[in-house]
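Heads up, the thing below is written out as structure tokens.
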Amino acid sequence: MKLLVVAGMICCPLAFLLPPALGQDDKAVEVKHLTAAPQNGSRTVALAALSIERGAHYPSVVKLKGNVEIKTPVCLPVGKESELVCEGYMVVTADEAEFHEDTGQIEARGNVSVTPLRHEH
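Those letters in the sequence shown? Residues 3 to 123, by our numbering.
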């Protein structure tokens, strides 16, 4: 009996070291992307997450889950006539977030960070 076990280990030693075979259902989860246009702004917002759900009617609340990244323009009034200058972006990352297309409001939850990112010309 001992001889058979040793013979099996010598014959197929790599079988014990290899991970189990992956099934056809095991697929890498890819980040999804969506460009949203809030009603109150003239510039689009870039949304990315592992899961994105959007309502059927515009405007709606876009629900993002997993590795959320929202890149939104930052516009500031400049000069005597308060002309809006949109030269920068703000990047919000989170575990989950909701983006309101009617107002441009972002509700982020989980591991949240906000980073100003200057747009390069």
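Even for Gly, the Cβ is constructed at its ideal location relative to N, Cα and C. Fair warning: this is a prediction, and the values are worked out from it, not measured in the lab.
N113 sits close to A96, with the two beta carbons spaced by under 8 Å.
The three-state secondary structure of L119, taken from DSSP, is strand. For the pair P61 and E103, the CB atoms are nearer than the 8 Å cut-off.
If the five residues before and after G106 are omitted, its C-beta is found closer than 6 Å to the C-beta atoms of P40, N42, G43, all from its own chain and listed in chain order. The beta carbons of A48 and L66 sit no closer together than 8 Å.
Residues A50 of the same chain have their beta carbon placed closer than 6 Å to that of H35, with the five preceding and five following residues left out of the count. Classified as buried, V64 has 16 or more neighbouring CB atoms from the shown chains inside 10 Å of its CB.
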